[in-house]
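See structure below.
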Amino acid sequence: MSPLPPHETAAGAAAKTRLDATLLDAVWDAHTVRELPNGDTQLYIGLHLIHEVTSPQAFAMLRDMGLRVRHPERTFATVDHIIPTESQRRPFADELAEAMMKELERNCREHDIRFFDPAHGEQGIVHVIAPELGLTQPGMTIACGDSHTSTHGAFGAVAFGIGTSQVRDVLATQCLSLARPKVRRIEIGGALSPGVYAKDVILHIIQRLGVKGGIGFAYEYAGPAIEAMSLEERMTVCNMSIEGGARCGYVNPDEATFAYLRGRERAPQGAALERAVTWWRSIASGPKARYADRVSIDGATISPTVTFGIHPGQSLGVGARIPRPEDVPDDERASLEEALAYMDLRAGAPIEGTPIDVAFIGSCTNGRLSDLREAARIAAKGHVAHGVKALVVPGSQAVARAAQAEGLPEIFRAAGFEWREAGCSMCLAMNPDRLTGRQMCASSSNRNFKGRQGSPAGRTLLMSPVMVAAAALEGRVTDARELL
Amino acid sequence: MSAKRERITGRACVLRGDDIDTDRIIPARYLRAVTFEGLGEHAFEDDRRQAKGNHPLDDARFAGARILVVGSNFGCGSSREHAPQALMRFGFEAFVGASFAEIFAGNCTALGLPCLTLAPQDLARLMDCIDLDPAQEIAIDVTGRSVTCRAGTLRASLPEGTRRQLVEGSWNNTAVLLEAGGAIESTADRLPYLRDFSATS
């Protein structure tokens, strides 16, 4: 009997599928429990992350339905949104925050869920701690009641934000009902210029494709400029996928991914790691993968980028002028006029030189060690401008310890920045770190929506941590490349 | 089974503008709570305060509206279910717009609130028609995917799976997902990271 041709053996069939499958297809297929009557997929969730804001109501719904957590060993918790960053001492001064913390502790205790607690030095922003612990791994499906869950796609995971009813679904069934997204491949060719960072890349992508361009898509980021990025930089890119409308974004796993995971507390070790790497390699998008759409951008054309408006797509290179309503397409005009009125910025004026009141370095977008290191390079060269309040907030207690080991807090403090404890801080208005009145904030966070940073009239300019540090020193938006 | 959402009728409120995010729908300070109770009164609070009584949600002509008519990319931003919860508790039972952010639309379905989309010219007709006669009754036919106002019946879009969930009353996914039973664990058992190299548990 002649041997089967290669494509008819199991291994051959897998290889054949892989060549024309995207990572999203491979991960989706591996996690499919069944197709549902409504046409969605019942998708198994490999890693579920929870925090204090979007989980308490889900646990209450579970109790109402008389259900238990089906796989408590697949859910991990931390506290990030509401935690004060001046002092994490209990009880928190804010009674509402204290009540939320207690509720999370109770739910974790009752349901036997591992809680990464500030008291044990394990706490941080959920999208910072899961990767640094090695919980986030290639090929997983990851869900969390937070839209920036797309961050974990940096490892080649399929990761997305969910609402509270879906948190209940995952707790009760370890599954979600989801429609498979289409995949758009976004290739960043060439190399980034000095002083241009991952944040600039993702702001540029969103500016090009729009804040709703990604609806129905997963974004696959690829190309030499992405491959050259560290995992922390890839996290910055994937983090803001949702700002472009894409619920998830990912980078195919490669040697940098495997090197990052090696030795992480909750990643596979030794022989198990070798088996893992074999599988992780196999799920990457194949050379003949089919995409619903492809976009190419030359990385060399990207400048340090700053938002000027009220959504993350309203941005421009630091050397450019704010667009005039007559220069934009009809369907963007009303939004631009609204943005200029709210921000009190003038059409046709340069963004460089815009005065700021507050500078915020931190968040799940840019609160990791490499972000703080780069910002400290700038901070070391001067002092925060008179009248500017500048905050540096590490993304996790582990990031804070690593930064301390390198002497970063001293550099920031000497330059007039406040060095805080880990949390979401001024990215959003849920803890004491907030803008007041019409303050203008240079921010390394992810959203410049009206009122986002806690004052209903507060204004946000999104940019890289290095650009925030430079703005803090100059008291106005400035091209950080002149200081590097 | 949940309640069937085949048809929603009532007055409508027109909220113009694109890219209205969930921070505007419900400012984050109201997320500092362990329940969704009381969110309704804070829907669009900062926008309404800045509009000094001129916000559509405060417009007496739209009082008691059960349908909210919006522009494109409504509900973008954060995944907070507090946003549809606030609008539901304010009194809205359905949304009609040019497009909706994905997580927002999913959250609405999970609460049994339909989000229908219209072609741009039809949406403009609907908005103008409601503005001219805010007292008229608007009918949303979820089953047949249409919106009827005095200007006529407009063809609307709604993903087929979502339509079925709403019409059949199967929009509480937990019950549906539980029906898979042991197939959930057998899927997990095939996953290399749980079977061959698990290090997390």
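Chains as they are written, first to last, in the numbering used here: chain A, -9 to 474; chain B, 1329 to 1529. Virtual Cβ for every residue (Gly too), placed ideally from N, Cα, C. Fair warning: this is a prediction, and the values are worked out from it, not measured in the lab.
Test: residue i CB closer than 7 Å to a CB of chain A
i: B/Gly1489; result: yes
i: B/Val1495; result: no
i: B/Asp1374; result: yes
i: B/Phe1525; result: yes
i: B/Gly1338; result: no
i: B/Val1475; result: no
i: B/Pro1355; result: yes
i: B/Leu1505; result: yes
i: B/Ser1406; result: yes
Simplified DSSP state of residue i, which is helix, strand or coil
i: A/Pro184; result: coil
i: B/Asp1469; result: strand
i: A/Thr355; result: helix
i: A/Val160; result: helix
i: A/Ile196; result: helix
i: A/Val116; result: helix
i: A/Ser433; result: strand
i: A/Ser(-8); result: Its pLDDT being 43, under 50, A/Ser(-8) is placed unreliably in this model, and the value from its coordinates should be taken loosely. Note: A/Ser(-8) maps to coil in three-state DSSP.
i: A/Pro455; result: helix
i: A/Phe350; result: strand
i: B/Gln1464; result: coil
i: A/Trp9; result: Checking the sequence, you will find Leu at residue 9 of chain A rather than Trp. Correct three-state label for A/Leu9: helix.
i: A/Asp190; result: helix
i: B/Thr1437; result: helix
i: A/Thr340; result: According to the sequence as given, residue 340 of chain A is Pro; it is not Thr. Three-state result, A/Pro340: strand.
i: B/Leu1415; result: helix
i: B/Gly1345; result: coil
i: B/Ile1431; result: helix
i: B/Ile1395; result: strand
i: B/Val1475; result: strand
Cutoff 7 Å: residue i Cβ touching any chain B Cβ
i: A/Arg24; result: yes
i: A/Met416; result: no
i: A/Asn28; result: yes
i: A/Ala3; result: Bear in mind that the predicted position of A/Ala3 carries a pLDDT of just 43, short of 50, making it too unreliable to give a figure here.
i: A/Gln387; result: no
i: A/Tyr250; result: no
i: A/Asp423; result: no
i: A/His117; result: no
i: A/Lys440; result: yes
Limits of the beta strand (DSSP E) - the one that residue i falls within
i: A/Met55; result: It is not in any beta strand (DSSP E) - A/Met55 carries neither H nor E in the DSSP assignment.
i: A/Lys379; result: Lys379 to Val382
i: A/Val285; result: Asp283 to Asp288
i: A/Phe150; result: Val148 to Gly151
i: B/Ile1336; result: Arg1335 to Gly1338
i: A/Cys134; result: Thr131 to Cys134
i: A/Glu177; result: Lys172 to Gly179
i: A/Cys414; result: Unbroken run through A/Cys414: none, as it is neither H nor E.
i: B/Tyr1521; result: Element bounds for B/Tyr1521: not the beta strand (DSSP E) but the alpha helix (DSSP H), Pro1520 to Arg1523.
Supposed close pair residue i, residue j - CB separation, criterion 8 Å
i: A/Gly151; j: A/Thr163; result: The Cβ separation is near 18 Å, so there is no contact.
i: B/Leu1439; j: A/Asp159; result: Wrong, their Cβ atoms sit about 13 Å apart, outside the cutoff.
i: A/Gln32; j: A/Cys165; result: 5 Å
i: A/Arg336; j: A/Leu381; result: Actually they are not in contact, since the Cβ atoms of A/Arg336 and A/Leu381 sit about 28 Å apart, beyond 8 Å.
i: A/Gly213; j: A/Glu177; result: 4 Å
i: A/Leu451; j: A/Ala470; result: Their Cβ separation, rounded to whole angstroms, is 13 Å, which puts A/Leu451 and A/Ala470 out of contact at 8 Å.
i: A/Val374; j: A/Gly352; result: At roughly 16 Å, the Cβ-Cβ gap does not stay under 8 Å, so A/Val374 and A/Gly352 are not in contact.
i: A/Pro345; j: A/Met430; result: 7 Å
i: A/Pro121; j: A/Val69; result: The pair is not a contact, with the Cβ atoms about 18 Å apart (cut-off 8 Å).
i: B/Thr1350; j: B/Ser1406; result: 5 Å
Option in the options with minimal Cα separation from residue i
i: A/Arg8; options: A/Ser275, A/Cys238 and A/Glu63; result: A/Ser275
i: A/Met91; options: B/Ala1361, B/Arg1408, B/Arg1357 and B/Gln1449; result: B/Ala1361
i: A/Arg202; options: B/Pro1412, B/Thr1445 and B/Glu1430; result: The sequence as given places Lys at residue 202 of chain A; Arg does not occur at that position. Here the closest residue by C-alpha is B/Glu1430.
i: A/Gly542; options: A/Val17, A/Met333, A/Ser45 and A/Gly179; result: One cannot answer for residue 542 of chain A here, as it falls past the ends of chain A, which runs -9 to 474.
i: A/Leu26; options: B/Met1455, B/Arg1492, B/Leu1415 and B/Pro1355; result: B/Arg1492
i: B/Met1416; options: B/Ile1353, B/Gly1489, B/Ala1508 and B/Pro1520; result: B/Ile1353
i: B/Ala1422; options: B/Leu1444, B/Phe1432, B/Gly1405 and B/Ala1414; result: B/Leu1444
i: A/Leu125; options: A/Ala257, A/Ala419, A/Pro340 and A/Leu326; result: A/Ala257
i: A/Val116; options: A/Gly180, A/His101 and A/Ile40; result: A/Ile40
i: B/Leu1359; options: B/Pro1412, B/Gly1497, B/Arg1473 and B/Ala1479; result: B/Pro1412
Segment limits, alpha helix (DSSP H) that includes residue i
i: A/Glu396; result: Neither: A/Glu396 is in no alpha helix (DSSP H) and is coded neither H nor E.
i: B/Ala1379; result: Glu1373 to Ala1379
i: A/Ala16; result: Leu13 to His21
i: A/His101; result: Glu85 to His101
i: A/Val267; result: Gly260 to Ile273
i: A/Tyr332; result: Asp320 to Met333
Any non-hydrogen atom of the ligand COA closer than 6 Å to residue i Cβ
i: A/Ala181; result: For the ligand COA, the structure offers nothing, since it holds no ligand at all.
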